[in-house]
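*Asks:* My questions all concern the structure below.
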Amino acid sequence: MTLVLISAILTVYPGPCFPPQLFVELNELIVEKDHEMRWKERARWIKFEEDVEEETDRWGKPHVASLSFRSLLELRRTITHGAILLDLEQNSLPGIAHLVVETMIISDQIRAEDRPSVLRALLLKHRSHSFNPAAARSMKLLAKIPKDAEAVIVLVGCVEFLEQPAMAFVRLNEAVLLESVLEIPVPVRFLFVLLGPSQSNVDYHEIGRSFSTLMSDKSFHEVAYFADDRQDLLNGINEFLDYSIVIPPSEVEGKDLLKTVADFQKQMLRKRKERELKKHQSVLGIELNNKEGDQEVDPLKRSGIIFGGLIHDIRRRYPHYVSDLKDALDTQCIAAVIFIYFAALSPTITFGGLLGEKTEGMMGVTELIVSTATLGVIFSLLAGQPLLIIGFSGPLLVFEEAYFKFCQAYNYEYLTGRVWIGFWLIFIVLVIVAAEGSFLVRYISPFTQEIFAFLISLIFIYETFSKLVKVATLTATHNTKLNQPNTALLSLVLMMGTFFLAFFLRKLRNSRFLGGKARRIIGDFGIPISILVFVMMDCSIPDTYTQKLNVPSGFSVTSPDKRGWFISPFGDKQPFPTWMMGASVVPALLVFILIFMETQITSLIVSKKERRLVKGSGFHLDLLLIVILGAFCPLFGLPWLTAATVRSVTHVNALTVMSKATAPGEKPKIQEVKEQRLTGLLVAVLVGMSIVMTDVLRLIPLAVLFGIFLYMGVTSLTGIQLYERITLMVTPAKHHPDHIYVTKVKTWRMNMFTLTQLGCIITLWVVKSTTASLAFPFILIMTVPLRRLILSRIFEERELQAVGCTAQLF
1122 MTLVLISAIL TVYPGPCFPP QLFVELNELI VEKDHEMRWK ERARWIKFEE
1172 DVEEETDRWG KPHVASLSFR SLLELRRTIT HGAILLDLEQ NSLPGIAHLV
1222 VETMIISDQI RAEDRPSVLR ALLLKHRSHS FNPAAARSMK LLAKIPKDAE
1272 AVIVLVGCVE FLEQPAMAFV RLNEAVLLES VLEIPVPVRF LFVLLGPSQS
1322 NVDYHEIGRS FSTLMSDKSF HEVAYFADDR QDLLNGINEF LDYSIVIPPS
1372 EVEGKDLLKT VADFQKQMLR KRKERELKKH QSVLGIELNN KEGDQEVDPL
1422 KRSGIIFGGL IHDIRRRYPH YVSDLKDALD TQCIAAVIFI YFAALSPTIT
1472 FGGLLGEKTE GMMGVTELIV STATLGVIFS LLAGQPLLII GFSGPLLVFE
1522 EAYFKFCQAY NYEYLTGRVW IGFWLIFIVL VIVAAEGSFL VRYISPFTQE
1572 IFAFLISLIF IYETFSKLVK VATLTATHNT KLNQPNTALL SLVLMMGTFF
1622 LAFFLRKLRN SRFLGGKARR IIGDFGIPIS ILVFVMMDCS IPDTYTQKLN
1672 VPSGFSVTSP DKRGWFISPF GDKQPFPTWM MGASVVPALL VFILIFMETQ
1722 ITSLIVSKKE RRLVKGSGFH LDLLLIVILG AFCPLFGLPW LTAATVRSVT
1772 HVNALTVMSK ATAPGEKPKI QEVKEQRLTG LLVAVLVGMS IVMTDVLRLI
1822 PLAVLFGIFL YMGVTSLTGI QLYERITLMV TPAKHHPDHI YVTKVKTWRM
1872 NMFTLTQLGC IITLWVVKST TASLAFPFIL IMTVPLRRLI LSRIFEEREL
1922 QAVGCTAQLF
């Protein structure tokens, strides 16, 4: 029986002389209908294998090559006895073919009288599957191959004039373009030839696939580039076999087989990686030592100088100011502005409506639009990381509600109290930035991040249904007066309809329906589309009353009868207590904690190494800007803002350019991010211009915004590792996924860690729901020492790292 071998492929760290990527093409001798023999392309490799389907004559899906064990042994045998030509000085196919044939004669693989027949076979015409230099299919393939890539031509087939198989491996001294051989213009570096009679019981096609797969493996093709003789090639094949998996004949099928192979392959890859790291250790050591002086200073490393981090941010970021303007002149930036405008406007309207309800109209949609636009413009012009999008957030909504209730309970003026909180915020942020306090973000582990994200998601979901129940209660109370018995039902339909449509459009983005661009556009604009559809549905049912968004006409505050645009620090209708002016430092500290956590964590996410940002970040500068700008907002009765995580990440994603030179079936890699200031600036301007759309905004039912709130809560919840671990608590262990926090941590200890986090969430929820709700940020920040001082003594460090390694923020 045939044994199956699955090649283990590993990406090795590229050293200074690492060879270029290879494009491998397998050609096989065939007899055409006119009885003429030709070379026909049968398969190709750009990391993964693609085969020509014989029935439809089209390319199949990219896949990891599965090879027969026998074909690899036959390949090793043919290389042992075949012709090896290294660093050949030739620049044409006829010249290469003549030397190959002569070497085959010298090595006694073919007879002298076979010379013309073998030479004729090697120079036969090539019929590429899609060969046409101007064809769109060829151009698309060329775009997936790096510019410095080189090619491997594999020629195999049966010829009856030979008595035994004949093989040749050729490495050219310089890669050359061979006309009419490949389907795309890529210079050829290697050729592999295997010809022989059909009676030899050799499967030429499978041996050709085996060699092609070897050459697509980075480790072996490095061997092929630097081999000095035949033995080096044989050693490379032996090493390939050492890290490959042989599956004996078995009746096991489906997922059980795949899981067994995957688990074993991980072990093999780990061993290979360790060996390769040792192999390149000296080279890497030299390279790293040479680059030590060029390494960028860690933006979170303390300099020991007052305002040292701020000075460093300014010196690093502002020299790029001119390029920040020039780099915005790109069509991708224009598309990003349109998309992010809707992504920023939707939560602004949603949070504005909820803020209006929480504060009884003291602040609402108008104030939030003005705040978002004004601060957004200033921040985009001055920020150290202008890719951040600032806006209102769930934690700030929780604080605003808690502080409003506190002021109501003790008869203090809510808006005046916010002014003094703003004054104290300036003092706090100056102290923190002077002491380079942004380094503290290092101590906010995934333990706290998950609790924070999970709690906010729960608040979103709870608030949605709480408001819906409130609508139903009001409807029942005033049913006789309003004569609208269907209000609660229609509100439920609008809310759930908006949620499910937005959720479906989000799923559509990664589905197989429609084209890739259409899916991305529909998925990216899912929230605006959902709002539009159900606003139109509400308008089409005029007989049933639904509560609408409260937006004043023109440039006016939400409640003109309660307040104006300027808030006096000393009180409006009554004097503000002097002692409260000083005591406002406490709520100011709580607001600062929320802004600090969200802004700094968002900056960390945006500045991840895999995004390949080149202009640096601005942790200290951005924190100073956001807090000081927000500190002046209360003077005009405007909400505080922070760096919005989801909107910022979406902004960066919209400006990300993915490399087209990726293998078919391979996940695209980030080529660059359009780092500039104008997209954030224009988004803020457009949000500000939305204030003239008050007539349109007043058509939006609150139930539709509840649906968006529910969508934000559910989608955020399902992306948190804590949520996954909660579901695992009620899932049998045999059905647990192969995640590191499952395989590296015992189930009962993983559950104990999860219960600890749930206990923190319950505590925070209780605090939020009582008169002590203002202490919410303080209790949240206490989870940091809990993780570092207490849990580190209960759990081993490897366990804590395992359950925290894949945590995501909302």
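Just so we're aligned: 1451 in my numbering is position 330 of the sequence shown, and the numbers increase by one with no gaps anywhere.
For every residue, glycine included, the Cβ atom is placed at its ideal position computed from N, Cα and C.
1. Report the residue from His1202, Gly1477, Arg1159, Phe1713 whose alpha carbon sits nearest the alpha carbon of Gly1543.
2. Nearest chain C C-beta to Trp1180 closer than 7 angstroms, yes or no?
3. Can you tell me where the beta strand (DSSP E) with Phe1311 in it begins and where it stops?
4. Taking the straight line between their C-alpha atoms, what separation do you get for Asp1363 and Leu1390?
5. Can you grab the Cα-Cα spacing for the pair Ala1893 / Leu1517, in whole Å?
6. How would you call Gln1115, buried or exposed, if buried means at least 16 neighbouring beta carbons within 10 angstroms?
7. Might you give, ordered along the chain, the residues of its own chain that have their beta carbon closer than 8 angstroms to the beta carbon of Phe1634, omitting 5 neighbours on each side?
8. In chain order, what residues of the same chain have a beta carbon less than 7 angstroms from the beta carbon of Pro1140, not counting five sequence neighbours either side?
9. Excluding the 5 residues flanking Asp1693 on each side, which residues of the same chain have their C-beta closer than 8 angstroms to its C-beta?
10. Run the CB neighbour count on Trp1700, radius 10 Å, all protein chains shown included, and call it buried at 16 or more, exposed below.
11. With DSSP as the reference, please indicate the residues paired to Ser1890 in a beta bridge.
12. Throw me the rounded Cβ distance for the Leu1312 and Arg1197 pair, which I believe falls under 8 angstroms.
13. Which residue's Cα is closest to the Cα of Phe1520: Leu1921, Val1924, Phe1899, Leu1910?
14. Let me know if Ser1705 comes out buried or exposed under the rule of 16 or more other beta-carbons within 10 Å of its beta-carbon.
15. Can you tell me the Cβ-Cβ gap for Ala1465 and Ile1510, rounded? I've got them flagged as a contact below 8 angstroms.
16. Between Glu1845, Thr1868, Ile1549, which has its C-alpha nearest Ala1854's C-alpha?
17. Quick check on Asp1743: buried or exposed, where buried means 16 or more other Cβ atoms within 10 Å of its Cβ?
18. Please tell me whether Ile1227 and Glu1146 are closer than 7 angstroms, where the distance is taken between their beta carbons.
19. Return the CA-CA distance between Ile1461 and Ser1467, expressed in angstroms with no decimal places.
20. Suppose you measure from the CA of Gly1505 to the CA of Ser1738; what does that come to, to the nearest Å?
21. Considering only their Cβ atoms, is the gap separating Phe1527 from Gly1807 smaller than 7 angstroms?
22. Could you check whether the stretch 1556-1571 touches the stretch 1422-1437, counting it as contact only if at least three pairs of C-beta atoms, one from each stretch, sit closer than 8 angstroms?
23. Pick helix, strand or coil for Asn1774, following the three-state DSSP scheme.
24. Check for me: the beta strand (DSSP E) holding Gly1751 runs from which residue to which?
25. Have a look at Gly1497 and Phe1513 and give me their C-alpha separation to the nearest angstrom.
26. Report the residue ranges of all beta strand (DSSP E) runs contained in full by the stretch 1293-1367; include only those spanning at least 3 residues, in chain order.
27. For Phe1110, which residues of its own chain have a beta-carbon under 7 angstroms away from its beta-carbon, when the five flanking residues on both sides are left out?
28. List the whole-angstrom C-beta distance separating Leu1776 from Val1794, where the pair is believed to meet the contact cut-off of C-beta under 8 angstroms.
29. Measuring alpha carbon to alpha carbon, tell me which residue in Ala1764, Leu1711, Arg1159 is nearest Ser1080.
30. Using only the alpha-carbon positions, how far apart do Gly1329 and Ser1501 sit?
31. Alpha carbon to alpha carbon, what distance is there between Lys1387 and Lys1268?
32. Between the Cα of Phe1625 and those of Gly1809, Ser1492, Ala1523, Thr1836, spot the shortest distance and give me the residue it belongs to.
33. Which residues bound the alpha helix (DSSP H) around Glu1719?
34. Kindly indicate which three-state DSSP category Thr1679 falls into: helix, strand or coil?
35. Taking only runs that begin and end inside the stretch 1197-1233, name each unbroken alpha helix (DSSP H) of 4 or more residues, in chain order.
36. Which of the three DSSP states is assigned to Arg1163 in this structure?
*Replies:* The answer reads as follows:
1. Here the closest residue by C-alpha is Phe1713.
2. Looking for chain C here will not work: only one protein chain is present.
3. Where Phe1311 is concerned, the enclosing beta strand (DSSP E) stretches over 1309-1317.
4. Straight-line spacing of the CA atoms in Asp1363 and Leu1390 works out to 11 angstroms.
5. One C-alpha to the other measures close to 16 angstroms.
6. Missing from the structure shown is residue 1115; the chain here goes from 1122 to 1931 and no further.
7. Exclusion of the five residues before and after Phe1634 leaves Arg1640 as the residues of its chain whose Cβ lies within less than 8 angstroms of its Cβ.
8. For Pro1140, where only same-chain residues beyond five positions count, the Cβ hits under 7 angstroms are His1342, Glu1343, Tyr1346.
9. Glu1534, Leu1536, Thr1537, Arg1684, listed in sequence order.
10. With a threshold of 16 other beta carbon atoms within 10 Å, Trp1700 falls short and is exposed.
11. Looking at the DSSP assignment, Ser1890 forms no beta bridge with any residue, so it has no partner.
12. Between Leu1312 and Arg1197, the beta carbon gap of about 19 angstroms keeps them out of contact (Cβ cut-off 8 angstroms).
13. The shortest C-alpha separation from Phe1520 is found at Phe1899.
14. Buried: at least 16 other Cβ atoms inside 10 Å.
15. By a beta-carbon distance limit of 8 angstroms, Ala1465 contacts Ile1510. Their separation comes to about 6 angstroms.
16. Nearest C-alpha to Ala1854: Thr1868.
17. That one is buried.
18. One thing to note: Ile1227 has its Cβ no nearer than 7 angstroms to the Cβ of Glu1146.
19. Each residue's Cα considered, the two are about 10 angstroms apart.
20. If you take the alpha carbons of Gly1505 and Ser1738, they lie about 6 angstroms apart.
21. In the sequence as presented, Gly is not what sits at residue 1807; that position holds Leu. No.
22. Yes: at least three Cβ pairs fall under 8 angstroms.
23. The DSSP-derived three-state label of Asn1774 is helix.
24. That residue, Gly1751, is in no beta strand (DSSP E); its alpha helix (DSSP H) goes 1740-1753.
25. About 11 angstroms.
26. Assignment of beta strand (DSSP E) within the stretch 1293-1367, counting only whole runs of 3 or more residues, yields 1309-1317 in chain order.
27. Any property of residue 1110 remains undetermined from this structure, which presents the chain solely from 1122 to 1931.
28. Contact between Leu1776 and Val1794 holds: CB atoms are separated by about 5 angstroms, below the 8 angstroms threshold.
29. The structure shown has nothing for residue 1080, since the chain only spans 1122 to 1931.
30. Their backbone Cα atoms lie some 57 angstroms apart in a straight line.
31. Roughly 32 angstroms separates the two Cα atoms.
32. Nearest of Gly1809, Ser1492, Ala1523, Thr1836 to Phe1625, Cα basis: Thr1836.
33. That run of the alpha helix (DSSP H) goes 1706-1727.
34. In this structure, Thr1679 counts as coil in the three-state DSSP scheme.
35. Counting only runs of 4 or more, we get 1214-1227.
36. Three-state DSSP puts Arg1163 in a strand.
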